[in-house]
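Chains as they are written, first to last, in my numbering: chain A, 1 to 197; chain B, 1001 to 1200.
For each residue, glycine too, the CB sits at the ideal point set by N, CA and C.
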């Protein structure tokens, strides 16, 4: 029961992006399309689950004085694994995410979960937490990417939606569009939550 | 002191473990990555070269073209395409340093008569929706059949004959300039480039 709770909290109640506002750098930078958002989300989820598991496994061995460097080494290892695998097997996505794959290392969401959760809990809890948090992050990236792609290029996942006569709102693809759409999304969610309670 | 050595040992062990994992993954992915890069290269080459039946990515000649900012010589690699061992085209990469944001890398395919067969944009960071229209076919097709002798290598705004893109003159201007320079270098060195053998 509690495992389900650990999993689902990452999707909505403690969603990394919508509730904690963590991981903004990759969020704002790569969500120019829904596909990029999904790719970034799954890559981060993989890193998050793996690092959570390893941190939880080693939590009794790592002295607290050096825990941060130890966590960073673990996270960086998995990020490099992801980067190599993406370059080897999904080259197109690797090219469109570019510099933001290695930058997963500094995604504060991942270090945050290692420090706040995985270093204090058993392995299974940590794995489930990483999975939930990662999928919540992926969901947020996908929604923002989809919104920006629909308005900014008139397409979703590369499929044209409105036909050739649609004049795309260029602004949405450019960096300011990320801030504007994230702000509006957050506002809409807060409104929805406020009404519910 | 005892505490200190424990910290050191733990960190060392973790780093060693990380190194081990990474070296394993690297071994596993080395070949696929090499293959991906080669495929990418071949895709760009077949986009700019006429039909060929050799493998241009190994039939190459490298020449020096000036020096970069650090004084190192810049190597330009020419990929030669042949059909029934007749040379049908040569491809080389030019870099336009004066794009709107960052370098634009362009692969240029040249026919033996020194006219452009086709160009392909390899990488760029131009503004989405404006400058990035340089990757659209209509823009790349502007270069087909153009050579130093039959075209005025400037964008229309500067009095030449290449259409610029509405709202983005800088990117096309950079590409036109870079391709022109590439063609001039090709003309100057054509004998060396087409010399038999070369570096295999």
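Taking C-beta pairs closer than 8 Å, name the residues in chain B that residue i reaches, listed in chain order.
{"i": "residue 193 of chain A", "result": "Result: empty, since nearest Cβ-Cβ is about 33 Å, beyond 8 Å."}
{"i": "residue 69 of chain A", "result": "1011"}
Mind listing the chain A neighbours of residue i? Cutoff is C-beta to C-beta under 9 Å, in chain order.
{"i": "residue 1154 of chain B", "result": "The contacting residues do not exist; residue 1154 of chain B stays about 27 Å from chain A at best."}
{"i": "residue 1090 of chain B", "result": "Per Cβ cutoff of 9 Å: no residues; residue 1090 of chain B is ~26 Å from chain A at best."}
{"i": "residue 1058 of chain B", "result": "Residues of chain A passing the Cβ test: none, with the nearest at roughly 21 Å."}
In the DSSP assignment, the beta strand (DSSP E) including residue i goes from what residue to what residue?
{"i": "residue 1118 of chain B", "result": "1116-1123"}
{"i": "residue 1110 of chain B", "result": "1104-1110"}
{"i": "residue 1087 of chain B", "result": "1086-1096"}
{"i": "residue 1078 of chain B", "result": "1073-1083"}
Do you know whose CA, among the options, lies nearest residue i's CA?
{"i": "residue 1082 of chain B", "options": "B/1076, B/1053 and B/1164", "result": "B/1053"}
{"i": "residue 1093 of chain B", "options": "B/1003, B/1179, B/1002 and B/1189", "result": "B/1179"}
{"i": "residue 2 of chain A", "options": "A/54, A/121, A/190 and A/46", "result": "A/121"}
{"i": "residue 1045 of chain B", "options": "B/1168, B/1181, B/1166 and B/1107", "result": "B/1107"}
{"i": "residue 1140 of chain B", "options": "B/1073, B/1074 and B/1172", "result": "B/1172"}
{"i": "residue 173 of chain A", "options": "A/28, A/129, A/110 and A/47", "result": "A/28"}
{"i": "residue 1055 of chain B", "options": "B/1029, B/1088 and B/1027", "result": "B/1088"}
{"i": "residue 1151 of chain B", "options": "B/1164, B/1138, B/1133 and B/1176", "result": "B/1176"}
{"i": "residue 147 of chain A", "options": "A/63, A/85, A/97 and A/168", "result": "A/168"}
{"i": "residue 1147 of chain B", "options": "B/1165, B/1112 and B/1134", "result": "B/1112"}
{"i": "residue 23 of chain A", "options": "A/192, A/79, A/196 and A/141", "result": "A/141"}
{"i": "residue 166 of chain A", "options": "A/150, A/51 and A/50", "result": "A/150"}
{"i": "residue 1078 of chain B", "options": "B/1086, B/1061, B/1072 and B/1085", "result": "B/1061"}
{"i": "residue 1048 of chain B", "options": "B/1022, B/1091, B/1036 and B/1032", "result": "B/1091"}
{"i": "residue 136 of chain A", "options": "A/177, A/4 and A/17", "result": "A/17"}
{"i": "residue 1057 of chain B", "options": "B/1039, B/1017 and B/1121", "result": "B/1039"}
{"i": "residue 108 of chain A", "options": "A/10, A/19 and A/25", "result": "A/25"}
{"i": "residue 1137 of chain B", "options": "B/1033, B/1127 and B/1121", "result": "B/1121"}
{"i": "residue 1065 of chain B", "options": "B/1133, B/1188 and B/1100", "result": "B/1188"}
{"i": "residue 1085 of chain B", "options": "B/1100, B/1142, B/1059 and B/1033", "result": "B/1059"}
{"i": "residue 1100 of chain B", "options": "B/1074, B/1072 and B/1130", "result": "B/1130"}
In terms of residues, what are the limits of the alpha helix (DSSP H) holding residue i?
{"i": "residue 1186 of chain B", "result": "1170-1188"}
{"i": "residue 1012 of chain B", "result": "1002-1048"}
{"i": "residue 175 of chain A", "result": "175-196"}
{"i": "residue 9 of chain A", "result": "2-11"}
{"i": "residue 111 of chain A", "result": "108-116"}
{"i": "residue 1137 of chain B", "result": "1137-1141"}
Interface residues of chain A around residue i at Cβ under 7 Å?
{"i": "residue 1007 of chain B", "result": "63, 65 and 66"}
{"i": "residue 1201 of chain B", "result": "Since the displayed chain B opens at 1001 and closes at 1200, residue 1201 of chain B lies outside it and no answer follows."}
{"i": "residue 1169 of chain B", "result": "What residue 1169 of chain B touches in chain A: nothing, since even the nearest Cβ is about 17 Å away."}
Run through chain A and tell me which residues come within less than 8 Å of residue i, C-beta to C-beta.
{"i": "residue 1025 of chain B", "result": "80, 81, 84 and 85"}
{"i": "residue 1201 of chain B", "result": "Any property of residue 1201 of chain B remains undetermined from this structure, which presents chain B solely from 1001 to 1200."}
{"i": "residue 1040 of chain B", "result": "91"}
{"i": "residue 1033 of chain B", "result": "84, 87 and 88"}
{"i": "residue 1135 of chain B", "result": "Those do not exist, as residue 1135 of chain B stays about 13 Å from chain A at its closest Cβ, beyond 8 Å."}
{"i": "residue 1077 of chain B", "result": "Result: empty, since nearest Cβ-Cβ is about 21 Å, beyond 8 Å."}
Residue i touches chain B at which residues, Cβ-Cβ below 7 Å?
{"i": "residue 73 of chain A", "result": "1014, 1015 and 1018"}
{"i": "residue 31 of chain A", "result": "Result: empty, since nearest Cβ-Cβ is about 13 Å, beyond 7 Å."}
{"i": "residue 77 of chain A", "result": "1018, 1021 and 1022"}
List, in chain order, every chain B residue whose beta-carbon is nearer than 9 Å to that of residue i.
{"i": "residue 12 of chain A", "result": "Neighbours of residue 12 of chain A on chain B: none; closest Cβ ~32 Å, over 9 Å."}
Would you say residue i reaches chain E, if we count a Cβ-Cβ gap shorter than 8 Å as a contact?
{"i": "residue 1166 of chain B", "result": "Annotation note: the requested chain E is absent from the structure, which comprises protein chains A and B."}
Return yes when at least one heavy atom of the ligand FMN lies under 7 Å from the C-beta of residue i, else no.
{"i": "residue 68 of chain A", "result": "You won't find the ligand FMN in this model; it holds no ligand whatsoever."}
Can you give, in chain order, each stretch of the alpha helix (DSSP H) that sits fully within the stretch 14-98 of chain A and has at least 4 residues? 24-30, 34-57, 67-89 and 91-97
With contact counted as at least three CB pairs below 8 Å, one residue from each stretch, are the stretch 149-160 of chain A and the stretch 18-36 of chain A in contact? yes
Fully enclosed by the stretch 144-170 of chain A, which alpha helix (DSSP H) runs are 4 residues long or longer? none
Touching or not, the stretch 68-87 of chain A and the stretch 175-192 of chain A, by the rule of three or more beta carbon pairs under 8 Å? no
Segment contact, 8 Å Cβ cut-off, at least three pairs: the stretch 1008-1026 of chain B with the stretch 1164-1171 of chain B: no
Contact between the stretch 56-64 of chain A and the stretch 112-120 of chain A is defined here as three or more beta-carbon pairs at a separation below 8 Å; is this criterion met? yes
Please confirm if the stretch 2-15 of chain A is in contact with the stretch 73-84 of chain A, defined as three or more CB-CB distances below 8 Å between the two stretches. no
Touch test, the stretch 36-52 of chain A against the stretch 174-183 of chain A, Cβ-Cβ under 8 Å, three pairs minimum: no
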